[in-house]
Amino acid sequence: MIYRVLKAVLGPILWVIWRPQVEGLSYVPESGGAILASNHLAVFDSVFLPLVVKRHITFIAKSDYFTGKGFKGWLTRVFMGMVGAIPVDRTGGDAAHASLGTGRRILSEGQLFGIYPEGTRSPDGRLYRGKTGVARLALETGAPVVPVAMLNTGELQPIGKRLPSRARVRMRFGPPLDFSRYKGMVGDRTVERAVTDEVMDALRGLSGQDYVDEYAAKIKQQRDD
Numbered sequence: 035m036i037y038r039v040l041k042a043v044l045g046p047i048l049w050v051i052w053r054p055q056v057e058g059l060s061y062v063p064e065s066g067g068a069i070l071a072s073n074h075l076a077v078f079d080s081v082f083l084p085l086v087v088k089r090h091i092t093f094i095a096k097s098d099y100f101t102g103k104g105f106k107g108w109l110t111r112v113f114m115g116m117v118g119a120i121p122v123d124r125t126g127g128d129a130a131h132a133s134l135g136t137g138r139r140i141l142s143e144g145q146l147f148g149i150y151p152e153g154t155r156s157p158d159g160r161l162y163r164g165k166t167g168v169a170r171l172a173l174e175t176g177a178p179v180v181p182v183a184m185l186n187t188g189e190l191q192p193i194g195k196r197l198p199s200r201a202r203v204r205m206r207f208g209p210p211l212d213f214s215r216y217k218g219m220v221g222d223r224t225v226e227r228a229v230t231d232e233v234m235d236a237l238r239g240l241s242g243q244d245y246v247d248e249y250a251a252k253i254k255q256q257r258d259d
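So this is what it looks like as structure tokens:
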């Protein structure tokens, strides 16, 4: 409910301020479960994607975002509600299973599930190696994967900047990827890597980003050390 209300109230304001320019939106199916797999350049990617897609998109977010105190905590909870996020405890050993379980449930209900295969924001605007969770979801559910490229959100909201600059947001959707040829091969690491790499290759083609065959989280950790 909060998703629809906030989108109805804030959506028109966000449209006026950032005037999204969208290509290929018709590739998002009008009904049925589908995975929207996007590159990740800025925090507000999770606002702009739901803004342009008419159907409800569900994301997962760490549970800490829903338990903060004070005004900042309240604002974060409102933001998470606006983007349709579901709290998931990602600190335990079963964190990945919990996240995938949420995705399976959403897709089985015929809804849209949003995922960032890189697992975190790009530290430098390049596209990084995808994690295989997107492949496992696609293989387990049979849902198509719609690649989504955020084209300039990293320029509008560099890491460390709270709000994006007031300029036109650009994004591009690609044709759905069908992995039914791998039916029954869930758990095959070679297949899951091949599916993930195909998704990342589609994102690279849509976004024009340089590709780095390393995990973004690893690069961030190396920079912090």
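If you're matching positions, the sequence shown starts at 35 in the numbering used here and goes up one per residue. Note that CB positions come from ideal geometry on N, CA and C, so glycine has one too. Model, not experiment: these values are computed from the prediction.
Leaving out five residues before and five after residue i in sequence, what residues of the same chain have Cβ atoms less than 6 Å from its Cβ?
i, result
"residue 254", "157"
"residue 244", "160"
"residue 57", "206"
Out of the options, state which residue places its alpha-carbon closest to the alpha-carbon of residue i.
i, options, result
"residue 225", "167, 186, 53", "167"
"residue 178", "257, 79, 149", "149"
"residue 46", "70, 67, 88", "88"
"residue 152", "207, 50, 165, 242", "165"
"residue 211", "49, 86, 71", "71"
"residue 83", "59, 144, 252, 200", "59"
"residue 185", "216, 218, 232, 238", "238"
"residue 192", "104, 105, 217, 74", "74"
"residue 274", "258, 250, 90", "In the structure as shown, the chain starts at 35 and stops at 259, and residue 274 therefore has no counterpart that could be examined."
Between the C-alpha atoms of residue i and residue j, what's the straight-line distance to the nearest angstrom?
i, j, result
"residue 160", "residue 65", "32 Å"
"residue 95", "residue 111", "11 Å"
"residue 140", "residue 92", "8 Å"
"residue 162", "residue 76", "14 Å"
"residue 37", "residue 252", "33 Å"
"residue 246", "residue 234", "11 Å"
"residue 142", "residue 199", "38 Å"
"residue 154", "residue 147", "17 Å"
"residue 220", "residue 67", "18 Å"
"residue 170", "residue 41", "30 Å"
"residue 137", "residue 51", "32 Å"
"residue 49", "residue 195", "20 Å"
"residue 223", "residue 173", "12 Å"
"residue 80", "residue 218", "32 Å"
"residue 232", "residue 250", "18 Å"
"residue 105", "residue 197", "17 Å"
"residue 131", "residue 44", "33 Å"
Within 10 angstroms of the Cβ of residue i, are there 16 or more other Cβ atoms? Answer buried if so, exposed if not.
i, result
"residue 229", "buried"
"residue 108", "exposed"
"residue 256", "exposed"
"residue 190", "buried"
Leaving aside the five residues before and after residue i along the sequence, list all residues of the same chain whose C-beta is less than 7 Å from its C-beta, in chain order.
i, result
"residue 240", "181, 183, 206, 208"
"residue 236", "181, 208, 211"
"residue 61", "180, 207, 208, 209, 210"
"residue 227", "166"
"residue 248", "162, 163"
Below 8 Å on the Cβ atoms is my contact criterion, and I expect residue i with residue j to pass it. Report the Cβ-Cβ distance as a whole number of Å.
i, j, result
"residue 78", "residue 187", "6 Å"
In its own chain, which residues sit with a C-beta less than 8 Å from the C-beta of residue i, not counting the 5 before and 5 after it?
i, result
"residue 54", "82, 85, 86, 202, 203, 204, 205"
"residue 214", "176"
"residue 101", "107"
"residue 144", "65, 66, 67"
"residue 114", "95, 99, 100, 121"
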